[in-house]
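Numbering (this note's numbering), first residue to last: 38 to 128. Reading through the structure tokens given below for one structure.
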């Protein structure tokens, strides 16, 4: 059911991991809720920005229609993920 895995380093394990697994949190969600959640959120946001830039480069290359539609869908997904991630950190 849960996609959460356990980190090998006992010091980084979130003490609420069993509850998180019960609730079905993903690995990323568990990490964001952990002690280093803000740092993890920043790192993921940086990766999303890099991915968006890469996708923008592909978008500008004059791709075939099918590939272009995939790039646009991925850009929308990156934007949605960034919005969710930013909301989680603020709230």
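No residue lacks a Cβ here, since even glycine has one placed at the ideal position from N, Cα and C.
According to the neighbour-count rule (16 or more other Cβ atoms, all chains shown, within 10 Å of its Cβ), is residue 116 buried or exposed? exposed
With respect to the alpha helix (DSSP H) encompassing residue 99, which residues constitute its N-terminal and C-terminal limits? It is not in any alpha helix (DSSP H) - residue 99 carries neither H nor E in the DSSP assignment.
Give the DSSP-derived three-state secondary structure of residue 116 in the structure shown. helix
Is it buried or exposed for residue 76, if we count other Cβ within 10 angstroms and need 16 for buried? exposed
Straight-line CA distance for residue 122 to residue 92? 19 Å
Straight-line Cα distance separating residue 94 from residue 104: 13 Å
Roughly how many whole angstroms lie between the Cα atoms of residue 41 and residue 109? Low per-residue confidence applies at residue 41: pLDDT is 43, beneath 50, and the placement is therefore not dependable enough to give any value.
Within 10 angstroms of the Cβ of residue 68, are there 16 or more other Cβ atoms? Answer buried if so, exposed if not. buried
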